[in-house]
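Notes for the one structure printed next.
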Amino acid sequence: MVQQTIRIGIVATARRPANRWAVRGFAPSAALDAAPEVAPGAALAETADATTVYAGPAEITLHSGETGHYRDNLSGRPSVWVALKPGGAAPQIVAATVNPHEGEALAGDDGLLVEAVAMPPLLRQAVAAFFAAHHVEVAFEKRKRRRADPEALARRGPQDRDRDGEGRR
């Protein structure tokens with residue numbers, strides 16, 4: 007199986023809580039074409055309501071067996087699913103993927119904050135090139151039903167017989 011790894015950068019934003027009991031936390035807000043030479047946690051923008059920081063680098067791994075999923079992602083609004091560990095003073099990247107099925111699986115984990123952010127143009131081109139180079143269309147074959155065997159549920163005699171035909175005692 008062919009694999010290709012692409013390094014991107016992740017940006018996260020922390021917004022002011024809506025009420026005094028809520029905790030301020032970071033959520034993924036953007037993906038960058040490349041990981042910049044900036045330390046993770048560096049502030050990019052700050053307003054009264056929100057703080058935007060560079061969360062850090064993430065690696066996107068493309069697998070040749072999942073090209074059908076990449077096609078599904080590229081056909082609509084291309085996205086990168088980014089999973090962050092909630093809480094903490096700085097955002098912690100757990101995973102990033104362009105496979106929509108893997109992104110949905112990550113969203114099922116209650117311990118992660120998962121957001122789909124717009125896919126950057128260079129990453130979109132790289133995923134499209136990987137798809138073009140490695141996709142193999144697999145035809146769907148509907149399985150034929152086997153007819154039911156009426157003897158499968160028939161009553162049978164005792165199965166525990168010795169060699170001489172006597173039952174066990």
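Straight run, no breaks: the sequence shown in this note's numbering ends on number 175.
The beta-carbon is built from N, C-alpha and C at its ideal position, and this holds for glycine as well.
Keep in mind that this is a model prediction, so the values were computed, not measured.
*Beta-carbon proximity list for Arg30, same chain, < 6 Å, skipping 5 on both sides*: Ala20, Pro23
*6 Å Cβ shell around Glu65 - same chain, five flanking residues per side excluded*: Thr11, Arg13
*asked:* Check this for me: beta carbons of Pro34 and Ala18, under 9 Å apart or not?
replied: yes
_Spatial distance of Gly71 from Asn105 (CA atoms)_ = 11 Å
*Would you give the residue range spanned by the alpha helix (DSSP H) that Arg77 belongs to?*
73-81
_For Leu38, the residue or residues it bridges with in DSSP_ = Gly15
*According to DSSP, what are the bridge partners of Ala51?*
Thr58
*Which residue or residues does DSSP assign as beta-bridge partners of Lys91?*
Gln98
_Quick check on the DSSP output: the alpha helix (DSSP H) that includes Glu108 runs from which residue to which?_
106-113
_According to DSSP, simplified to helix, strand and coil, what is Ala160?_
coil
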